[in-house]
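>
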Amino acid sequence: MTIPRIAIIGRPNVGKSSLLNRLARQRVSIVAPTPGVTRDRVSAIVELDPPVDSPPGTPSVLAEIVDTGGYGVYTTEDGRYNELGDDLAALTPDIEAQIMTAVRQARVILLVVDAQSGLSSLDYAIASLLRRLGVVDRIVPVANKVDSERWIPDGCEAAALGFGEPANVSATNGLGVRALLEGLFRRVAGELPGEHELEQEMAIAIVGKRNAGKSTLINALAGEPRVIVSEIPGTTRDAIDVRFELEGRTMLAIDTAGVRKRKSFADDIEYDAYHRMLAAVRRCDVVLLLMDATVDVSQVDKKLSQELQCQYKPTVIVVNKWDLVENKLSTSAYLSYLTQQLRGLDFAPIVFISAKRGEGLHDLVAMAFSLHAQAGHHEPTGRLNDVVGSILKRRGPSSRLGRQAKVYYACQIGVQPPTIALVVNEPTLFRGTYERYLTNRLRQELPYSEIPIRVLFRKRRRIDLEELKQRGRTEAAHASTR
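Going by my numbering, the sequence shown runs without a break in its numbering and finishes at 518.
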């Protein structure tokens with residue numbers, strides 16, 4: 037289902053990212069005083085509530101709010117070059133293309149200015165550009181940083197841009213935001229008939245080290261240049277949500293910042309981007325761990341695989357750029373190499389692709405849906421107890437101090453990840469080596485062959501005497517009424 041888009045544009049440091057976060061009621065975009073932090077289109081789905089004077093029963097509507105890079109300045113406060121000597125000005129055409137795409141696709145355009153610093157020549161340049169694009173009827177001027185009533189007259193100066201009276205807001209403290217949201221509701225509510233819901237079958241997060249091809253893969257899946265692709269490491273900073281349909285199935289793909297060793301982080305922005313990557317992993321259903329076939333597996337790759345294991349995330353290991361090495365390496369040899377390097381993910385399926393050529397994408401998506409289905413499966417309790425019993429008969433935990441390990445009961449208490457609880461006489465007898473053996477056997481004998489399983493051991497509780505007496509009295513009372 038297509039939902040209306042609302043684009044946020046403006047020059048750097050007017051608070052566009054803060055405004056997106058305020059409207060979305062969550063930290064979607066990285067906020068920093070450094071110009072040029074946002075480069076891609078960063079978006080969030082927001083539920084717009086009807087104004088307070090709406091008729092009773094008026095449904096809310098969904099809208100996608102899209103933040104864009106600051107128009108006109110794309111370098112950092114440290115200058116034109118990053119720590120590796122890459123020319124950041126080379127990103128200019130790509131960033132401006134992302135802004136223009138957001139403007140053309142938007143139902144409403146929020147032109148944000150800074151009420152405290154006043155209008156600049158760049159604000160007027162953006163206004164002139166919007167007129168040339170013929171989108172004047174979609175523009176809502178927004179004066180941000182109206183942090184108190186004394187700034188309202190300064191915010192009203194934005195009317196000089198020629199788009200009408202501005203909405204005076206403060207993304208920092210929320211002043212005026214409710215009125216802005218009500219105005220957005222009035223603009224987009226008539227576009228969709230009645231109440232609607234956003235359907236989404238699966239969310240995938242794409243993680244990997246820098247320049248592994250994550251953004252190229254996102255664009256290939258979406259069928260459009262949704263995020264900037266550049267040879268400059270660290271181009272992607274935010275976690276970018278991209279919704280798309282493939283073969284009639286709706287998905288959310290999350291492009292994340294490329295990872296490198298934490299001791300190499302250049303600034304707080306890179307640190308924030310790393311934690312946004314971890315948050316994207318937590319909120320997704322399936323992770324695509326992207327490997328660059330042209331380089332060796334690194335410590336960063338291994339660290340990422342360990343993180344995915346700790347979070348019990350279904351993972352597809354995606355070998356990208358295979359077209360560049362397929363004449364030099366065999367798939368069987370590379371599979372053995374990956375198994376040795378990424379210990380603990382030996383059960384995860386491996387797919388070979390070329391994101392640049394669009395090769396292997398259908399197999400990749402099909403595998404992701406397969407893992408999602410496995411992670412959502414719930415095994416019947418009777419079948420689970422039979423499987424656990426047969427495993428124990430073949431091989432049980434080694435006894436310690438003459439104690440025999442016993443399993444009284446097994447049940448599945450959760451999905452995504454599948455979580456199996458075993459009620460045992462002594463949990464310490466099962467932990468360690470036998471826990472790994474049992475988990476591997478469960479994965480082989482249950483429909484969880486390619487995903488992680490969480491196994492919990494619980495000691496059987498003793499029922500105290502009074503509770504036992506009360507249970508007996510209850511059962512006797514029930515019997516006398518039959």
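Glycine included, each C-beta is placed from N, C-alpha and C at the ideal position.
Just so we're clear, the structure is a prediction, and the values are computed from it rather than from any experiment.
1) Determine whether the beta carbon atoms of SER251 and ASP277 lie at a separation below 7 Å.
2) In the DSSP assignment, find the alpha helix (DSSP H) that holds ALA60 and state where it starts and stops.
3) List the DSSP bridge partners of GLY212.
4) Pick from ALA161, GLY212 and LEU220: whose alpha carbon is nearest that of ALA142?
5) Do you know offhand how far ALA68's Cα is from MET313's?
6) Roughly how many whole angstroms lie between the Cα atoms of LEU165 and ARG285?
7) Counting Cβ pairs closer than 8 Å, one from the stretch 172-184 and one from the stretch 235-250, do we hit at least three?
8) Can you tell me whether GLN134 is buried or exposed, with buried defined as 16 or more other CB within 10 angstroms of its CB?
9) If you measure between the beta carbons of ILE175 and PHE199, is that distance less than 7 Å?
10) What do you get for LEU288, buried or exposed, if any count of 16 or more other CB atoms within 10 angstroms of its CB means buried?
11) On a Cα-Cα basis, can you pick out the residue from CYS192, VAL88, ARG168 and ILE45 that is closest to VAL144?
12) With respect to the alpha helix (DSSP H) encompassing VAL172, which residues constitute its N-terminal and C-terminal limits?
13) Can you tell me which of the three DSSP states TYR370 falls into?
14) Which residue's Cα is closest to the Cα of GLY212: ARG467, GLN480, ARG490 and LEU59?
15) Give me the Cα-Cα distance between ALA125 and ASP103, rounded to the nearest whole angstrom.
16) Determine the closest residue to GLU343 out of VAL224, ARG379, LEU98 and ARG223, with distance taken between C-alpha atoms.
17) Can you look up GLN342 in the DSSP assignment and give me helix, strand or coil?
18) Can you check whether the CB of ILE353 is closer than 7 Å to the CB of ILE389?
19) To the nearest angstrom, report how far apart LEU478 and CYS346 are at their CA atoms.
20) Tell me, which residues are paired with THR286 by DSSP?
21) If contacts are defined as beta-carbon pairs under 8 Å, then VAL82 and ALA99 qualify, I think. What distance do you get, rounded to the angstrom?
22) Buried or exposed: where does GLY425 fall if 16 or more other Cβ atoms within 10 Å of its Cβ makes it buried?
23) For GLN452 versus ALA411, is the C-beta distance shorter than 7 Å?
24) On the criterion of 16 or more Cβ atoms from any shown chain inside 10 Å, does LEU492 qualify as buried, or is it exposed?
25) To the nearest angstrom, how far is the alpha carbon of ARG393 from that of LYS245?
26) Would you decide whether LYS357 is buried or exposed? Buried here means 16 or more other CB atoms lie within 10 Å of its CB.
27) Among GLY450, SER96 and THR375, which one has its Cα closest to the Cα of LEU217?
28) Considering just the uninterrupted stretch of the alpha helix (DSSP H) at GLN448, what are its terminal residues?
29) Within a Cβ cutoff of 6 Å, which residues of the same chain sit near ALA138, ignoring the five residues on either side of it in sequence?
30) Relative to the C-alpha of ASP332, which candidate in ARG318, VAL361 and PRO350 has its C-alpha closest?
31) Taking 8 Å as the threshold, find out whether the stretch 438-445 comes into contact with the stretch 460-469 through three or more Cβ pairs.
32) Below 7 Å between beta carbons: does that hold for PRO40 and VAL224?
33) Residues bridged to ALA457 by DSSP?
34) In whole angstroms, give me the CA-to-CA distance for LEU428 and HIS311.
35) In whole angstroms, what separates the C-alpha of LEU407 from that of LEU324?
36) Go through its chain and collect everything with a Cβ distance to ALA195's Cβ below 8 Å, but skip five positions before and after it.
The structure says:
1) In the sequence shown, the residue the question calls residue 251 occupies position 215. In the sequence shown, the residue the question calls residue 277 occupies position 241. No; because the gap between Cβ atoms is not below 7 Å, this pair is not in contact.
2) In the sequence shown, residue 60 corresponds to position 24, counting from 1. Element bounds for ALA60: 52-60.
3) Translated into the one-based positions of the sequence shown, residue 212 becomes position 176. Paired residue(s): none; GLY212 is not in a bridge.
4) As a working mapping, residue 142 is identified with position 106 in the sequence shown. For ALA142, the closest of ALA161, GLY212 and LEU220 by C-alpha to C-alpha distance is LEU220.
5) Sequence index remark: in the sequence shown, residue 68 carries index 32 (1-based). Sequence index remark: in the sequence shown, residue 313 carries index 277 (1-based). Any reading at ALA68 must be qualified, since the residue scores a pLDDT of 40, below 50, and its modelled position is unreliable; no value is offered.
6) One-based indexing of the sequence shown puts residue 165 at position 129. One-based indexing of the sequence shown puts residue 285 at position 249. Whole-angstrom Cα-Cα distance: 37 Å.
7) Between the stretch 172-184 and the stretch 235-250 there are fewer than three inter-stretch CB-CB distances shorter than 8 Å, so the stretches are not counted as touching.
8) For this step, residue 134 is matched to residue 98 along the sequence shown. Residue environment analysis places GLN134 among the buried positions, since at least 16 neighbouring C-beta atoms fall within 10 angstroms of its C-beta.
9) Locating residue 175 in the sequence shown gives position 139, counting from the first residue. Locating residue 199 in the sequence shown gives position 163, counting from the first residue. Result yes, Cβ atoms of ILE175 and PHE199 sit closer than 7 Å.
10) Numbered from 1 along the sequence shown, position 252 holds the residue referred to as residue 288. Counting Cβ neighbours within 10 Å, LEU288 comes out buried, since at least 16 surround it.
11) As a first step, residue 144 is located in the sequence shown; it is residue number 108 there, counting from the start. Out of CYS192, VAL88, ARG168 and ILE45, ILE45 has the C-alpha closest to the C-alpha of VAL144.
12) Here residue 172 refers to the residue found at position 136 when the sequence shown is read from its first residue. VAL172 -> no alpha helix (DSSP H), and no H or E assigned at all.
13) Position 334 of the sequence shown, counting from 1, holds the residue named residue 370. Looking at TYR370 - three-state DSSP - the assignment turns out to be helix.
14) Position 176 of the sequence shown, counted from the start, is the residue given in the question as residue 212. If we check each option's Cα against that of GLY212, LEU59 comes out closest.
15) In the sequence shown, the residue the question calls residue 125 occupies position 89. In the sequence shown, the residue the question calls residue 103 occupies position 67. Unreliable placement is indicated for ALA125, whose pLDDT of 47 sits below 50; the coordinate value is still reported in the next sentence. When rounded, the distance between both Cα atoms is 20 Å.
16) Translated into the one-based positions of the sequence shown, residue 343 becomes position 307. Closest option to GLU343, Cα to Cα, is ARG379.
17) As a first step, residue 342 is located in the sequence shown; it is residue number 306 there, counting from the start. In the structure shown, GLN342 sits in a helix (DSSP, three-state: H, G or I).
18) Translated into the one-based positions of the sequence shown, residue 389 becomes position 353. Translated into the one-based positions of the sequence shown, residue 353 becomes position 317. Their beta carbons are not under 7 Å apart, which means ILE389 does not touch ILE353 by this criterion.
19) Locating residue 478 in the sequence shown gives position 442, counting from the first residue. Locating residue 346 in the sequence shown gives position 310, counting from the first residue. Rounded to whole angstroms, LEU478 to CYS346 spans 18 Å at the Cα level.
20) If you number the sequence shown from 1, residue 286 lands on position 250. The partner list for THR286 (beta bridge, DSSP) reads GLU281.
21) To locate residue 82, count along the sequence shown from 1; it is residue 46. To locate residue 99, count along the sequence shown from 1; it is residue 63. Contact flag correct, Cβ pair sits at about 6 Å.
22) As a working note, residue 425 is residue 389 in the sequence shown. Exposed: under 16 other Cβ atoms inside 10 Å.
23) The count along the sequence shown starts at 1 and reaches residue 452 at position 416. The count along the sequence shown starts at 1 and reaches residue 411 at position 375. Contact: yes.
24) By 1-based counting over the sequence shown, the position of residue 492 is 456. Classification for LEU492: exposed.
25) Here the question's residue 393 lines up with position 357 in the sequence shown. Here the question's residue 245 lines up with position 209 in the sequence shown. Within the model, the alpha-carbon separation for ARG393 versus LYS245 is close to 20 Å.
26) Here the question's residue 357 lines up with position 321 in the sequence shown. Counting the other CB atoms within 10 Å of its CB gives LYS357 a total of 16 or more, which places it among the buried residues.
27) On the sequence shown, position 181 is the one that residue 217 refers to. Considering only GLY450, SER96 and THR375, the residue with the shortest C-alpha distance to LEU217 is SER96.
28) What you label residue 448 is simply residue 412 of the sequence shown in a count that begins at 1. Careful: GLN448 lies outside any alpha helix (DSSP H), inside the beta strand (DSSP E) at 443-450.
29) Locating residue 138 in the sequence shown gives position 102, where the first residue counts as 1. Within the same chain, ALA138 has close Cβ partners ALA43, ARG77, VAL102 and THR104.
30) Residue numbering aside, residue 332 sits at position 296 when the sequence shown is read from its first letter. Checked all of ARG318, VAL361 and PRO350; the closest Cα to ASP332 is VAL361.
31) By the Cβ criterion, the stretch 438-445 is in contact with the stretch 460-469, since at least three pairs of Cβ atoms, one from each stretch, lie closer than 8 Å.
32) Numbered from its first residue, the sequence shown carries residue 40 at position 4. Numbered from its first residue, the sequence shown carries residue 224 at position 188. Yes, the Cβ-Cβ distance between PRO40 and VAL224 is below 7 Å.
33) For the purposes of this step, residue 457 is taken as the residue at position 421 of the sequence shown. Per DSSP, CYS447 and LEU492.
34) On the sequence shown, residue 428 is found 392 positions in, with the first residue counted as 1. On the sequence shown, residue 311 is found 275 positions in, with the first residue counted as 1. The C-alpha of LEU428 lies about 41 Å from the C-alpha of HIS311.
35) The residue given as residue 407 occupies position 371 in the sequence shown. The residue given as residue 324 occupies position 288 in the sequence shown. Computed Cα separation, rounded: 11 Å.
36) Taking the sequence shown and counting its residues from 1, the one referred to as residue 195 is at position 159. Only residues of its own chain outside the window of five on either side were considered, and among them PRO177, GLU201 and PRO202 have a CB closer than 8 Å to the CB of ALA195, listed in chain order.
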